[in-house]
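One structure below.
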Amino acid sequence: MFKNILLATDGSDHSRRAIDQTLKMVSPHKDEVHIDLIYVVDGETSKQDVLNYGDSHTATKKRKEKFLDIIQYVESEGVSSEFIMLHGDPSEEMIEYANQEDYDCVVIGSRGRNKWQTLILGSVSHKLVKYVQAPVIVVK
Numbered sequence: 001m002f003k004n005i006l007l008a009t010d011g012s013d014h015s016r017r018a019i020d021q022t023l024k025m026v027s028p029h030k031d032e033v034h035i036d037l038i039y040v041v042d043g044e045t046s047k048q049d050v051l052n053y054g055d056s057h058t059a060t061k062k063r064k065e066k067f068l069d070i071i072q073y074v075e076s077e078g079v080s081s082e083f084i085m086l087h088g089d090p091s092e093e094m095i096e097y098a099n100q101e102d103y104d105c106v107v108i109g110s111r112g113r114n115k116w117q118t119l120i121l122g123s124v125s126h127k128l129v130k131y132v133q134a135p136v137i138v139v140k
């Protein structure tokens with residue numbers, strides 16, 4: 001059974017399905033489980049948020065507010081959680097963070113790119129499967 005889970009989220013429908021699936025997976029043992037919700041802000045998003053909100057402090061505050069409902073949802077299901085926000089390339093930051101910590105598994109939603117898009121752009125989920133040392137579950 002997985003007790004310490006790293007769950008990648010970006011607020012998208014894909015990550016919401018990953019959250020729902022993770023909660024179903026741990027439901028019988030939810031009192032023993034802890035989920036770290038991780039969000040990585042890439043450079044382009046960071047710049048755009050600062051332009052929208054005026055400064056980096058306000059942008060950070062707004063990002064945290066964006067994920068407050070997700071944290072409350074997970075905790076309303078009886079699972080303890082923590083929100084982690086990092087800055088940089090999402091795949092690199094998540095791989096480094098996951099490999100530094102002691103997670104039983106990592107869960108990420110699949111973005112649903114076609115073969116051509118994946119070939120050219122790669123995918124965060126594919127990179128996590130390849131380089132994270134813990135088991136990785138990709139939710140379609």
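Numbered by UniProt numbering, the letters in the sequence shown go through residues 1 to 140 in order.
Just so you know, even glycine gets a beta-carbon here, dropped at the ideal spot from N, CA and C.
| Query | Result |
| --- | --- |
| Bounding residues of the beta strand (DSSP E) (the contiguous stretch that carries SER80) | 80–87 |
| DSSP three-state assignment for ASP10, whether helix, strand or coil | coil |
| Of the listed residues LYS3, SER12 and VAL40, nearest to HIS29 (C-alpha basis) | LYS3 |
| Distance between HIS57 and VAL138 (C-alpha atoms, nearest Å) | 33 Å |
| Nearest-angstrom Cα separation, counted from VAL129 out to GLN72 | 28 Å |
| Contact set for ASP102: own chain, Cβ-Cβ below 7 Å, skip 5 residues either direction | ASN4 |
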